[in-house]
Each structure stands twice: as C-alpha cells, then as structure tokens.
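Residue numbers (our numbering), protein chains in the order written: chain A, 1472 to 1718; chain B, 1472 to 1718. Written out below as structure tokens is the structure these notes cover.
There are 2 protein chains.
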Amino acid sequence: MGDPGREEYKIQSFDAETQQLLKTALKDPGAVDLEKVANVIVDHSLQDCVFSKEAGRMCYAIIQAESKQAGQSVFRRGLLNRLQQEYQAREQLRARSLQGWVCYVTFICNVFDYLRVNNMPMMALVNPVYDCLFRLAHPDSLSKEEEVGDGSDSCGGSWSLAQLNTSLQSMEVDCLVLQLHRVGEQLEKMNRQRMDELFVLIRDGFLLPSGLSSLAQLLLLEIIEFRAAGWKTTPAAHKYYYSELSD
Amino acid sequence: MGDPGREEYKIQSFDAETQQLLKTALKDPGAVDLEKVANVIVDHSLQDCVFSKEAGRMCYAIIQAESKQAGQSVFRRGLLNRLQQEYQAREQLRARSLQGWVCYVTFICNVFDYLRVNNMPMMALVNPVYDCLFRLAHPDSLSKEEEVGDGSDSCGGSWSLAQLNTSLQSMEVDCLVLQLHRVGEQLEKMNRQRMDELFVLIRDGFLLPSGLSSLAQLLLLEIIEFRAAGWKTTPAAHKYYYSELSD
C-alpha cells in the first residue's frame, strides 16, 4: 500500500501545475482543495489508461494523509461522488468514447483494489464494479467490431495481456480479463453469486451467433481456467496462454 | 471392484450360448477357453457402446477368478493382445466405423480404469489410452461433420452427457470428455506432460478455422474447467453445464 512520504506515483503525465497540486495533496492535504484534487485525478484517469491502472494507490495515499492530518475524508467523499456520477452516466460515456469507458472501469477497479476500510474492500464499490464488469461481458461488448477512435486518447498501446497484441476490437474483453485477474478473487469473496452470474455471461460468449474473435476466445478461455483453478494460473495454462502464442 | 460371485455384469445383450460362456468364465475360468472369452468381450465391446462402458469390470473379475483358481493370466494376456491389435489398426477402424472406434476408446479407457496391478493402473495402457484421446482431440475429430452410419451399430442413444443431446457430429468430442471425466485424473497422475499436451490440443480446438459446433464448444469448455478445478465440477459450473442447458 502507498506511503504518502514517497513520491513514486505516476504523475509525470500531468502538467507542472497539477503535479505540484498532487504533491501538496500527498504531503500537506489541508493546504489544497481536495475535492478539486479528486476531480483532477478522475478526469485524468478517464483519459490515460496507464495512469488509471495505478491511480488507486495515489488515492489511498491522499486519503491516509488527510485522515492523519485532519481526521477528515473530504477527498474520499469527493472521489466516490465523482465515481458515482460517472457510473450513472456510463452508457453515455461508453457511447462517446470506448477508451474513456475502459479507462473508467480500470480506474474504479483499481480504487476498489486499493481503498480499504478496516482492511476490507469498500462494500459500496462491490456492485458498481460488478455492474461495470457485466457490461464488459455483455454480448455486444464481447463480439462487436469496434470502430477505431480519432487517436486523441492515449490508451493505444497499454492494453495488452503479456505478449498478446490487443486490437481495439477486443478492448473491452481485454479490460474484463485484466480486471478479473486483478480483483476477481476479492470480488468473489464479497459476492460469489454475482461472480457466478458473470461467468455464465462469459461462457455464453462462446455461443454468440455473431462469434468471438480468436483473441477474445483465448482471453475468455484463460480467465475461465484461471477462476476454475482458484484464481491462479497453472503452469500448463501459463505455458499455453503466455508462451506458445508468442511463437 | 468386481466380485466374480455376483453375476451383475451387463451380459443380457449376448446370445444365450455366449452368456453361458461368460458366466462359466467368471465362476470356473479353467473350464473355458479364456482367449476366446477375451475375443468375445472385445468383439462385443466394439459393437455395443453400453457394454463397452462397463466391460472393464467384467474383465477384472475374470482376471481375478483365473488368478485365484490357477495362478495364471491367459485371459489378461489375450485381452491385452487383442487390445493392441485393435490399437494398431485404429485408423482403419475409425475410417470403417466411427461408432466402432468410439466404442473401442470407451472400452480401452474402461479397462484402464478397472485393471490394476498392485493397486496401480497398468503402465502398459497409459500411452495407448493417451494416443486414443489425442486422436479424439485431433482437429478433424473436433470439427468435422460426421456422416450418419448405416444404423447397424447399437450406440445411437448411449452417448449423452447428462441432459445434452449428442449428435453423431460430436460423437468423438463427447467420447473424449466422457473418458476424461472418468480416467483423466488417473492418467494425469501417470503422465502429466501428456495431459498438458492433450489440453493444448483441446484449447486449440476453439481456434480451428472450420469452427466447432456449439455443443462441442460447451463440452470442451466444461472439461477445461473440470480439469482446472482439480478434476472436479464446481457447483457454479455444474449449474451452468448440467442445469441451464435443459431449460
């Protein structure tokens, strides 16, 4: 977990002024507008998939710093409010920018992964996270051919599972399996029934009349094996999915 | 395991004379030609898939009876010789009768399951059994559309996995997963590397250009999950594969 004293967060992609804001939020949270900081972090996460993959760590560090300094949770409240707003408008976000949507799911999963209350994941995030993953496992996300964006988003090269080259076409499938690798086991502990339902959708994906791409099939097959093996990769599965494909 | 004193073997499908031969082989093996008995059992197994699924039990009982009475293994030698002959001619058998071939694989797997030496499966059968399963997982077995036979074989209704209706088209896939359910775990213990290789073929099946039928996809998906979960069916997988499909 984060140590607010160490400035190893991925903030190089922010402009100089915002970098300063974030550094201050980590060191002296009372000196900045923490609601603004929360919005800055969410805005940036929706545009930068690399950042969104690790942003939860920085959020946790700011929450810890604020709690220690002032015993307050202005930042956390601001963060969760903003996450909820984006959650409610997620279909619009998805329609507007597939990459923004995928970045959002990455971000909320990462926040779920890092934010702890009494060393437990936040219950309030369990269902929103599940809802996002269900959306990624929806037939039109699994099989639809995605249009290539205008190139203004910066996510292009970041969505890869080991040696696999991921196209925009399977961006949502790729995000789904990445998040399940990362938080699937924790999510299942919080609500096994929803995980069972999610895997019904995933298995059904193989039967879609529109078909899956070969890459999507492999990604889904791998996550099915991964969960069945108790959320781990067996050596044989590792060899199959992560070595042979690169040949 | 079989008790040669109890005549509960599935011999009703034999003619009266052969039934008598088998009953004598079980009670007083020295009184009959045990090599002939072995041939009768193999011949019948190749024609009757219901019998071939349980024939190993009867073979084991005759072996035990002969060993107890005379300390010999004429029957076992005859059985293994005949199994080897059929094994060597398996491609011809498959070309001649797909149902005969599937019955053969069922039989050899059942013999592997029942015959024990010092309470261990017979090493001599491990590679032949694997070779048969590899043949079933070969691309042309997984994806090819099979022609319907002449109806003279009696296997029609016996090849079903729970509620699934199996067509001739997926007969080999169906046999593959049935045998893996039955002897997969034991086989893996005898030779893990070959099991890993077999599952590479099975996973590759999803990527075949000619495609798999929906039923074949489900069957293979189920066996992949089954093995990944340590050769057992999780409750969620059971519900998915064995309940929902019947809706």
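We put the CB at the ideal spot given by N, CA and C, even for glycine. Since we're looking at a predicted model, the values are computed, not measured.
- B:SER1641 counts as buried, since at least 16 other C-beta atoms from the protein chains shown sit within 10 angstroms of its C-beta.
- With fewer than three CB-CB distances shorter than 8 angstroms, the region 1553-1565 of chain A does not count as touching the region 1489-1502 of chain A.
- In this model, A:ILE1694 and A:ASP1667 are separated by some 13 angstroms (Cα to Cα).
- The beta carbon of A:PRO1592 sits closer than 7 angstroms to those of PHE1583, GLN1657 and MET1661, all from its chain and outside the five residues before and after it, given in chain order.
- Close CB contacts of B:LEU1517 within its chain, under the 7 angstroms cut and outside five residues either way in sequence, are with GLY1571, CYS1574 and TYR1575 (chain order).
- The bridge partners DSSP lists for A:ARG1587 are A:PRO1592.
- For B:ILE1579, the three-state secondary structure derived from DSSP is helix.
- Counting only the Cα atoms, A:PHE1522 lies some 14 angstroms from A:TYR1585.
- One alpha carbon belongs to A:ILE1482, the other to A:LEU1505, and they sit about 16 angstroms apart.
- Any Cβ of chain B closer than 8 angstroms to the Cβ of A:VAL1671 would place that residue at the interface, and such an atom is present.
- Using a Cβ-Cβ cut-off of 8 angstroms, A:ILE1695 counts as an interface residue toward chain B, since at least one Cβ of chain B sits closer than that to its own.
- Here DSSP, grouped into helix, strand and coil, assigns A:SER1484 to coil.
- The CB of B:LEU1678 comes closer than 8 angstroms to the CB of SER1685, GLN1688 and LEU1689 in chain A, given here in chain order.
- Only PHE1697, ARG1698, ALA1699, ALA1700, GLY1701, THR1705, PRO1706, ALA1707, ALA1708, LYS1710 and TYR1711 from the region 1697-1711 of chain B bring a Cβ to less than 9 angstroms from some Cβ of chain A.
- When the five nearest sequence neighbours on each side are left out, the beta carbons in the same chain lying within less than 7 angstroms of the beta carbon of B:ALA1509 are those of PHE1546, GLY1549, LEU1550 and ARG1553, in order along the chain.
- For the region 1557-1581 of chain B, the set of residues with a beta-carbon nearer than 8 angstroms to any beta-carbon of chain A is empty.
- Per the coordinates, the alpha-carbon of B:GLN1540 lies some 11 angstroms from the alpha-carbon of B:ALA1502.
- Interface flag for A:ARG1665 against chain B is unset, since no Cβ pair is found closer than 8 angstroms.
- Burial is judged here by how many other beta carbons sit within 10 angstroms of a residue's own beta carbon; A:SER1612 has at least 16 and is buried.
- Residue B:ARG1606 holds the alpha-carbon nearest to the alpha-carbon of B:GLU1643 among B:ARG1674, B:ARG1606, B:ILE1533 and B:ARG1653.
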